[in-house]
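Q: Got a structure for you, written out below as structure tokens; questions coming shortly.
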Amino acid sequence: MEIIVAENAGFCFGVKRALELVARAANDSSRPVYTLGALIHNPQEVARLEVSGVKQVGGVEEVEEGALVLSAHGVDPGVEREARTRGLPVIDATCPFVKRAHDHIVTLAREGYSVVILGDPGHREVEGLAARVSGKAAIVATAREAERLPFRKRYGLVVQTTQRPEALREVAGALAERCRELRVFNTICEATMKRQESARELAERVDAMIVVGGRNSANTKRLVEICAATGTPTHHVETADELESAWIRGAARVGVTAGASTPGWIIDDVVSHLRELEAEGSVV
Ligand code: F3S
């Protein structure tokens with residue numbers, strides 16, 4: 064059985080940068096380091112950080128002293144202000160591509176567009192984006208939702224960095240019929256597009272696909288959808304021990320891909336475990 068790992072899989076630039084910033088802060092033993100919520104959407108990697116002394120808090124008010132890390136997804140600017148008011152050193156791990164989306168949404172609001180965000184409601188990145196315009200943005204997850212928006216003179220659209228380009232096309236098409244003028248900022252990041260393209264291309268030429276990543280990871284869920292849409296049986300796991308031998312029984316080729324917040328060690332574990340399942344004779 065051939066096991067093929069997608070050309071673009073696992074940690075993206077923004078996640079690597081966030082982890083490096085946190086590791087540097089944790090090495091400076093003069094102060095504790097806290098992250099606001101999970102630094103990245105991968106429970107195993109977050110648990111590893113906790114072992115190295117990086118603690119997670121639910122709000123700024125929980126931190127008496129120590130450095131506060133803002134996650135790669137970005138946060139509400141009010142949270143950052145509160146941290147600075149309390150005198151806490153802030154380590155801003157917001158991905159530069161998320162910041163670019165922040166700048167675009169502010170531009171749209173300033174120039175008088177009715178702002179729409181294509182994204183997952185409740186996702187931290189989407190909440191951080193909406194907070195940039197004081198919550199005055201419509202959040203839509205599908206073209207059908209966009210079709211229900213009221214008719215306006217001008218709509219401006221920004222996109223959660225991990226959305227699918229197809230979803231952007233559909234929502235932009237729907238919005239174009241709800242206004243006289245539409246301005247679109249394609250803020251899907253390059254890492255997302257490369258991972259999605261590699262996943263699709265691989266899924267089309269294997270007998271089974273394994274997608275590795277946190278169940279709370281939006282970009283991992285997107286990879287699962289993309290692989291499943293090719294018709295290839297697709298399975299989502301967070302860790303190697305969730306693999307089932309039945310999934311690869313009779314498969315000549317198995318593809319593996321992983322979300323942008325999945326560390327290399329988990330991908331390696333999954334590949335090794337697939338080999339073990341094969342060696343155990345669980346597969347033909
Ligand atoms: Fe940044 Fe894109 Fe990764 S927005 S955190 S490079 S998935």
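For what it's worth, the working numbering labels the leading residue of the sequence shown as 64, then goes sequentially.
From the three backbone atoms N, C-alpha and C, an ideal C-beta is built for every residue, glycine too.
Verify whether the separation of the beta carbon atoms of Leu181 and Val222 is less than 8 Å.
A: Yes, they are a contact pair.
Q: Alpha carbon to alpha carbon, how far is Arg173 from Glu108?
A: Each residue's alpha carbon lies about 39 Å from the other.
Q: Report the rounded CA-to-CA distance for Ala315 versus Ala266, giving the unit in angstroms.
A: Distance between the alpha carbons of Ala315 and Ala266 is about 13 Å.
Q: Quick check on Val114: buried or exposed, where buried means 16 or more other Cβ atoms within 10 Å of its Cβ?
A: By the neighbour-count rule (16 or more Cβ atoms within 10 Å), Val114 is not buried but exposed.
Q: Determine the DSSP secondary structure at Glu233, reduced to helix, strand or coil.
A: Looking at Glu233 - three-state DSSP - the assignment turns out to be helix.
Q: Among residues of its own chain, excluding the 5 on either side of Asp155, which ones have a beta-carbon nearer than 6 Å to its beta-carbon?
A: Cβ within range, chain order: Leu133.
Q: At 3 residues or longer, what runs of the beta strand (DSSP E) sit wholly inside the region 163-234?
A: Entirely contained in the region 163-234, the beta strand (DSSP E) runs reaching 3 residues are, in chain order, 177-181, 200-203, 215-222.
Q: Work out the CA separation of Gln119 and Arg149 for me, nearest whole Å.
A: When rounded, the distance between both Cα atoms is 18 Å.
Q: Excluding sequence positions up to five away, which residues of its chain have a Cβ less than 7 Å from the Cβ of Val126?
A: Result list for Val126: Tyr97, Val120, Leu151, in chain order.
Q: Report buried or exposed for Phe433, applying the criterion of at least 16 other Cβ atoms within 10 angstroms of its Cβ.
A: This structure cannot speak to residue 433, because the chain is shown only from 64 to 347.
Q: Does DSSP classify Val347 as helix, strand or coil?
A: Here the model assigns Val347 a pLDDT of 44, short of 50, so the residue's position is not dependable, and the following value carries that caveat. Correct three-state label for Val347: coil.
Q: How is Asp331 classed by DSSP in three states: helix, strand or coil?
A: The answer is helix: DSSP assigns Asp331 an H, G or I state.
Q: Among the residues of its own chain, which have a CB less than 8 Å from the CB of Pro184, if the five just before and after it don't count?
A: Same-chain partners within the cutoff: Ile202, Ala204.
Q: With DSSP collapsed to three states, give me the class of Val132.
A: In the structure shown, Val132 sits in a strand (DSSP, three-state: E or B).
Q: Between which two residues does the beta strand (DSSP E) harbouring Thr157 extend?
A: Premise fails: Thr157 is in no beta strand (DSSP E) and is neither H nor E.
Q: Using the beta carbon as the reference atom, which residues fall closer than 6 Å to any heavy atom of ligand 1, ordered along the chain?
A: Per the Cβ criterion, the list is Cys75, Phe76, Gly77, Val78, Ala135, Cys158, Phe160, Val161, Thr224, Thr225, Cys252, Ala254, Thr255, Asn282, Ala323.
Q: For a test of the three-state rule: what should DSSP assign to Gly276, helix, strand or coil?
A: Coil, per DSSP.
Q: Can the beta-carbon of Ser280 be found closer than 8 Å to that of His104?
A: Cβ distance < 8 Å, so Ser280 and His104 count as in contact.
Q: Just to confirm the assignment, what range does the alpha helix (DSSP H) spanning Val78 have?
A: Val78 -> alpha helix (DSSP H) spans 76-90.
Q: Return the CA-CA distance between Glu145 and Val153, expressed in angstroms with no decimal places.
A: Roughly 10 Å separates the two Cα atoms.
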